[in-house]
Amino acid sequence: MEAIKRNVLLNPGPSTTTDTVKYAQVVPDICPREKEFAGLMKGLREDLVRIVHGDLNEYTSVLFCGSGTINIDVCLNSLLPEGGKILVINNGAYSTRAAEICEYYNLPFINLKFPVDEQPDLAVVEKTLRENPDIRLVHTTHNETGTGILNPIREIGALAHKYNAIFTVDTTSTYAMRPINIRQDNIDFCMASAQKGLMAMTGLSFVVGNRAILEASRDYPKRSYYCNLFLQYDYFEKTGEMHFTPPVQTVYATIEALKEYWAEGEEAKWARHTRVFNAINEGLDELGFKQVIKPQFRAGLVSSAIYPDDENWSFEKVHDYCYERGFTIYPGKISTTNTFRLCALGAIDESDIKDFFKVFREALEVTGVQIPVVYK
Ligand SMILES: *Cc1c(COP(=O)(O)O)cnc(C)c1O
Numbered sequence: 003m004e005a006i007k008r009n010v011l012l013n014p015g016p017s018t019t020t021d022t023v024k025y026a027q028v029v030p031d032i033c034p035r036e037k038e039f040a041g042l043m044k045g046l047r048e049d050l051v052r053i054v055h056g057d058l059n060e061y062t063s064v065l066f067c068g069s070g071t072i073n074i075d076v077c078l079n080s081l082l083p084e085g086g087k088i089l090v091i092n093n094g095a096y097s098t099r100a101a102e103i104c105e106y107y108n109l110p111f112i113n114l115k116f117p118v119d120e121q122p123d124l125a126v127v128e129k130t131l132r133e134n135p136d137i138r139l140v141h142t143t144h145n146e147t148g149t150g151i152l153n154p155i156r157e158i159g160a161l162a163h164k165y166n167a168i169f170t171v172d173t174t175s176t177y178a179m180r181p182i183n184i185r186q187d188n189i190d191f192c193m194a195s196a197q198k199g200l201m202a203m204t205g206l207s208f209v210v211g212n213r214a215i216l217e218a219s220r221d222y223p224k225r226s227y228y229c230n231l232f233l234q235y236d237y238f239e240k241t242g243e244m245h246f247t248p249p250v251q252t253v254y255a256t257i258e259a260l261k262e263y264w265a266e267g268e269e270a271k272w273a274r275h276t277r278v279f280n281a282i283n284e285g286l287d288e289l290g291f292k293q294v295i296k297p298q299f300r301a302g303l304v305s306s307a308i309y310p311d312d313e314n315w316s317f318e319k320v321h322d323y324c325y326e327r328g329f330t331i332y333p334g335k336i337s338t339t340n341t342f343r344l345c346a347l348g349a350i351d352e353s354d355i356k357d358f359f360k361v362f363r364e365a366l367e368v369t370g371v372q373i374p375v376v377y378k
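Residues in the sequence shown are numbered consecutively from 3, following the working numbering.
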């Protein structure tokens, strides 16, 4: 097996993968309607439930061919009963995306906004639930990848349940990294994509959730043909297959990635991401960069650094310098502040971050940015 050029991706997914995961895609051609392939997907679906410690009788997973946004679309359009309303608890770009999905489907919803650098105020969440008994679905994002803030999902889930609503959480940027326990965290449905925490390839996304609620959603309004959760679940249960063509090669890569996930272990993997994250923060601190999210609110996977007030600072130039040397940095996602992000996803470790900061410092030096960086 020939080694493939290794790039260190510090963007928020797709993430750096191992060569064994890359090569797992190179397999004999197979029609995904063969029993052999359905067998692979059964094991895969079960593993996806096990990652969040779900009991296989109570929880299941449903696969979709698409990027992570498909999961948000699927959950919101499929899990709202007639006459119900959605509450989106929104302190960032990904919950804003959820609110937009509600808008596009004409779903009744409340967009409960909080500042992007603060955790949602639970008293306001509870008041909203109390005053709107028609809320049947509460949605939020675990780690707002646009900033890296961690949301208190266990507490939000408890409130949702207290007021008789189901709780869907976008865990795309925590799943298979920051440990999740679907029951203890009061989650009814969570979601992710193969190219993020699992360190596999793009094109496969999945919702992990409560079987009984899924069964009950059989009679909910059908608002999409391709993106209906119950229809896809039902097809899997009856045939073991995806309703429409699955991303075959990504499925093979994901199965290999899962093997590597279990070999590394939940705890060790989270410890590695934490090491990487700490190294990123130390590197940024050393250069004098300010960050958007206070240390106590950080989810431990995304750092959001503020552009310095230096006329020579150019994200593009710094990005290109790093990119040419095998490191990818990423712009931020906040409308009010100019930021860039460094993320701790992927098959990387502390030493990669040390190597990165050598190159990053050089990039600042050659472009004439003052070190430590300055803010007015
Ligand atoms: C990456 C990500 C998604 C999915 O984005 P796509 O561009 O559709 O892959 C959704 N939610 C969160 C929190 C994410 O980090």
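Note that the Cβ used here is the ideal one computed from N, Cα and C, for glycine as well. Bear in mind that the values here come from a model prediction, so they are computed numbers and not experimental data.
Note on geometry: alpha-carbon atoms of F238 and F279 lie some 38 Å from one another. Put simply, the backbone Cα of P83 is about 21 Å away from that of F208.
Using a C-beta cut-off of 8 Å, the region 232 to 249 makes contact with the region 33 to 41, since at least three inter-stretch Cβ pairs fall below that distance. With a beta-carbon spacing of about 6 Å, V54 and V210 fall inside the 8 Å limit used to define contacts. Of T338, P16, V10, N79, the smallest CA-CA separation from R225 is found for N79. Closest by C-alpha distance to A5, out of Y25, E258, L12, L11, is Y25. Rounded to the nearest whole angstrom, the C-alpha separation of N9 and T330 is 8 Å. By the Cβ-count criterion, W272 is buried, with 16 or more other Cβ atoms from all chains shown falling within 10 Å of its own Cβ.
Selection Q197, D136, G68 evaluated against S17 yields Q197 as nearest (Cα-Cα). For ligand 1, a non-hydrogen atom lies closer than 6 Å to the CB of D172.
Measuring C-alpha to C-alpha distances from P110 to each of K87, E120, T130, A100 identifies K87 as the nearest. The Cβ atoms of E157 and L114 lie no closer than 7 Å to each other. Distance from I74 to F66 at the Cβ level is roughly 11 Å; contact not present, criterion being Cβ atoms closer than 8 Å.
Between ligand 1 and the CB of S97, the shortest heavy atom gap is not smaller than 6 Å. Contact between the region 93 to 103 and the region 249 to 265 is absent: fewer than 3 CB-CB pairs across the two stretches fall below 8 Å. Using a cutoff of 6 Å, the CB of S175 counts as near ligand 1, since one of the ligand's heavy atoms is closer than that. DSSP places G290 outside both helix and strand once states are collapsed to three, so it counts as coil. Cβ-Cβ distances below 6 Å link F191 to C77, T170, V209, G211 in the same chain, with the five nearest sequence neighbours on each side left out; the list follows chain order. Per DSSP, N314 lies in no alpha helix (DSSP H) segment and is marked neither H nor E. For a cut-off of 8 Å, the C-beta gap from I336 to V294 is around 7 Å, short enough to register as a contact. Beyond the five residues adjoining it in sequence on each side, D354 comes within less than 6 Å, by CB distance, of V10 in the same chain, given in chain order.
For G328, the closest of D311, T338, F362 by C-alpha to C-alpha distance is F362. Rounded to the nearest angstrom, the gap between the Cα atoms of E352 and M3 is 26 Å. Per DSSP, the continuous beta strand (DSSP E) segment holding F342 begins and ends at 341 to 345.
Beyond the five residues adjoining it in sequence on each side, I32 comes within less than 8 Å, by CB distance, of E38, F39, V250 in the same chain, given in chain order.
For L46, the enclosing alpha helix (DSSP H) begins and ends at 37 to 53.
Taking the Cβ atoms as the reference, L12 lies roughly 7 Å from F358, within the contact range of under 8 Å. Per DSSP, the beta-bridge partners of Y61 are N212. With contacts defined by Cβ atoms closer than 7 Å, A101 and V90 form a contacting pair. The shortest C-alpha to C-alpha distance from M179 to any of V29, G348, D221, S306 is the one to G348. With 16 or more neighbouring CB atoms inside 10 Å of its own CB, T173 falls in the buried class. Taking all protein chains shown into account, V371 has 16 or more neighbouring C-beta atoms within 10 Å of its C-beta and is therefore buried. Between L139 and A167, the C-beta spacing is below 7 Å. In the structure shown, A307 adopts extended strand secondary structure according to DSSP, grouped into three states. Contact between A281 and L200 fails: their C-beta atoms lie close to 22 Å from each other, not under 8 Å.
Distance from the CA atom of E120 to the CA atom of P154, rounded to whole angstroms, is 11 Å.
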